[in-house]
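When the letters of the first sequence are read in order and numbered with our numbering, they come out as residues 75 to 461. Okay, structure first, notes after.
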Amino acid sequence: MKSVAEQLELLTAGCETVVTREELQKKLEQGRPLRVKLGCDPTAPDLHLGHSVVLRKLRQFQDLGHKAVLLIGDYTALIGDPTGQNKTRPMLSAEKIEQNARTYFEQAGKILDMSPDKVEVRRNSEWLGKMTFADVLKLAGQMTVARMLERDTFEQRYEADIPIGVHEFLYPLMQGHDSVMLQADVELGGTDQLFNNLVGRDLQRDAGHEPQCVLILPILEGLDGVEKMSKSKGNYIGLSESPTDMFGKAMSISDALMAKWYRLLLNQPVPAGHPMEAKKSLAQALVAQYHGTQAGQQARQEFEQKFSKRDYSEVAETLAVTGEIWIVELVERTGKFKSRGDIRRLIQQGGVSLDGQKITDDKARVAVKEGQVLKAGKLVVVKLTVS
RNA sequence: GGAGAGAUACCGAAGUGGCCAAACGGGGCAGACUGUAAAUCUGCUGGCUUACGCCUUCGAUGGUUCGAAUCCAUCUCUCUCCA
75 MKSVAEQLEL
85 LTAGCETVVT
95 REELQKKLEQ
105 GRPLRVKLGC
115 DPTAPDLHLG
125 HSVVLRKLRQ
135 FQDLGHKAVL
145 LIGDYTALIG
155 DPTGQNKTRP
165 MLSAEKIEQN
175 ARTYFEQAGK
185 ILDMSPDKVE
195 VRRNSEWLGK
205 MTFADVLKLA
215 GQMTVARMLE
225 RDTFEQRYEA
235 DIPIGVHEFL
245 YPLMQGHDSV
255 MLQADVELGG
265 TDQLFNNLVG
275 RDLQRDAGHE
285 PQCVLILPIL
295 EGLDGVEKMS
305 KSKGNYIGLS
315 ESPTDMFGKA
325 MSISDALMAK
335 WYRLLLNQPV
345 PAGHPMEAKK
355 SLAQALVAQY
365 HGTQAGQQAR
375 QEFEQKFSKR
385 DYSEVAETLA
395 VTGEIWIVEL
405 VERTGKFKSR
415 GDIRRLIQQG
425 GVSLDGQKIT
435 DDKARVAVKE
445 GQVLKAGKLV
455 VVKLTVS
């Protein structure tokens, strides 16, 4: 067991905001396992590196002997959230939610310790589903409109004339109420969760509990280096992606972004030396985290061969085709493109080559030979086999 | 409840009867250059069709017209001011 000072140092490292350090220290001094809450969204089961930042923090708590309390927001997902901003969030069936939750745990398990004594899984329908309208009013009475409007996402939307549904004011309260019910000692979240988590403190205090500490982790920018990593923006690396894709995507980030990824994903400073070498180390370490050390080395070797030496002999992915085939169809078979029009454009612009020879005629038929290598765009390289 | 403004492709934003698959900017993709970085230059950027061409798209539904993103009606949603 590490000392309180060591724990405190470790746990607050990398956090953007800690509310408050003193309180956390006091809780740690009590010497009992703390209950560390993290809300999971059962509508987005595809976890990516962005989610991993907060999950890794939670893992740190676990490793120090504390308990991860995963809260599934099944009640809100069941009702749906018709917020103007994100269109109408579809109502999810109970089965779908369960299925998503399972997928979530499967992926979160790559980071968290999922052994029963380290994790507690709860659903907020347990208590929210039983509340009466009078209970809701009582809850709502603990908050004021002015305070709600302090929240910057609300403030911004209000200023920008973007609609805000009244029910949206209730979400922070629901989330805060969850903390009361769970007797959370600590709540983790991304920067967008600061307000919600602080509401939890108020409600806990009103309920006569000791308020939870709030640890806010920074947002991880996605591949583009500007926007927050998210599935809808397509700028993410999924936790379940293949070593090849992970490595390739990681290599495409900007040097400026690399430092932040090092800090948030590896808890390390950028090593000295050539930025490209540093990036390779980053990519390798990431692959190793999710696929093992060996896969990390392999991915690196494969990458260096493919792109640095332009030697495609070791390409792992294969595609079986029959003898002669129309080039557009051939590329389509890789399954990585959304439409034929897209493929045509790619071909016309010189993005497709066979054994290093560009094919720019989108009407061409090609006679595929065993072992030829097809390259389409930056990321797709496959070895062809004739069947 | 009253008065006004608005809804265009991934986003912002032009377009007010045919030349509109829809200007321009951003984003995205590709090529050149590189380190699959950045910067820069160039091209592309609804779907199907290996051609001719066809189909879907300007909030929704109907209508006027040879012809509608554009005109009319109804509806839905949003914003502002007033009560």
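Ideal placement from N, C-alpha and C gives every residue a C-beta, glycine not left out.
If you draw a 10 Å sphere on the C-beta of residue 185, you find 16 or more other C-beta atoms in it, and that means buried.
When secondary structure is reduced to three states using DSSP, residue 378 falls in the helix class. In the three-state scheme derived from DSSP, where H, G and I count as helix and E and B as strand, residue 438 is classed as coil. Assigned with DSSP and collapsed to three states, residue 283 falls in coil, not helix or strand. Cβ contact annotation for residue 358 (same chain, cutoff 8 Å, sequence separation greater than five): 321, 370, 371, 373, 374, in chain order.
When 427, 434, 433 are compared, the shortest CA-CA separation from residue 457 is found for 427. Between residue 117 and residue 151, the C-beta spacing is below 8 Å. Considering only 170, 289, 325, the residue with the shortest C-alpha distance to residue 146 is 170. In this structure, residue 174 lies away from residue 252, with their beta-carbon atoms at least 8 Å apart. DSSP places residue 414 in the uninterrupted alpha helix (DSSP H) bounded by 414-422.
The beta-carbon separation of residue 90 and residue 292, rounded to 5 Å, stays under the 8 Å limit for a contact. Non-local beta-carbon contacts of residue 219 in its own chain, meaning distances under 8 Å to residues more than five positions away in sequence, involve 243 in chain order. Sequence-distant Cβ neighbours of residue 177 in its own chain, meaning closer than 7 Å and more than five residues away, are 119. Residue 190 counts as exposed, since fewer than 16 other beta carbons sit within 10 angstroms of its beta carbon. Beta-bridge analysis with DSSP links residue 122 to 312. Sequence-distant partners of residue 101 (beyond 5 residues in either direction) whose C-beta falls short of 7 Å from its own C-beta, in its chain, are 108, 259, 287.
Restricting attention to 230, 327, 123, 110, the CA atom closest to the CA of residue 142 is found in 110. For residue 297, no alpha helix (DSSP H) encloses it, and the DSSP letter there is neither H nor E.
Partner residues in a beta bridge of residue 184, as assigned by DSSP, do not exist. For residue 238, there is no enclosing alpha helix (DSSP H), as DSSP marks it with neither H nor E.
Taking a 10 Å sphere around the C-beta of residue 278, we find 16 or more other C-beta atoms and assign the residue as buried. DSSP, reduced to helix, strand and coil, places residue 427 within a strand of the structure shown. Annotated as proximal: residue 311 and residue 123, with beta-carbon spacing under 8 Å. Pairing residue 144 with residue 114 gives a Cβ-Cβ distance under 8 Å. Around the beta carbon of residue 148, 16 or more other beta carbons lie within 10 angstroms, which makes this residue buried. By the neighbour-count criterion, in which a residue is buried when 16 or more other Cβ atoms sit within 10 angstroms of its Cβ, residue 271 is buried. Check the Cα spacing between residue 387 and each of 405, 366, 346, 449: the tightest is with 449. Inclusion of residue 105 and residue 338 in the CB contact set at 8 Å is not warranted, their separation being larger than that value. Residue 361: member of the alpha helix (DSSP H) spanning 349-365, first to last residue. Counted as a single uninterrupted DSSP element, the stretch harbouring residue 339 is not any alpha helix (DSSP H), since DSSP gives it neither H nor E. Excluding the 5 residues flanking it on each side, residue 136 has same chain C-beta neighbours closer than 6 Å at 142, 187, 192, in chain order. Excluding residues up to 5 positions away in sequence, 324, 325, 327, 329, 332 lie with their Cβ nearer than 8 Å to the Cβ of residue 353 in the same chain. Taking C-alpha positions only, residue 434 is separated from residue 413 by approximately 17 Å.
Residue 421 is not a Cβ neighbour of residue 442, given a cutoff of 8 Å.
When DSSP reads this structure, residue 432 sits in a beta bridge with 427.
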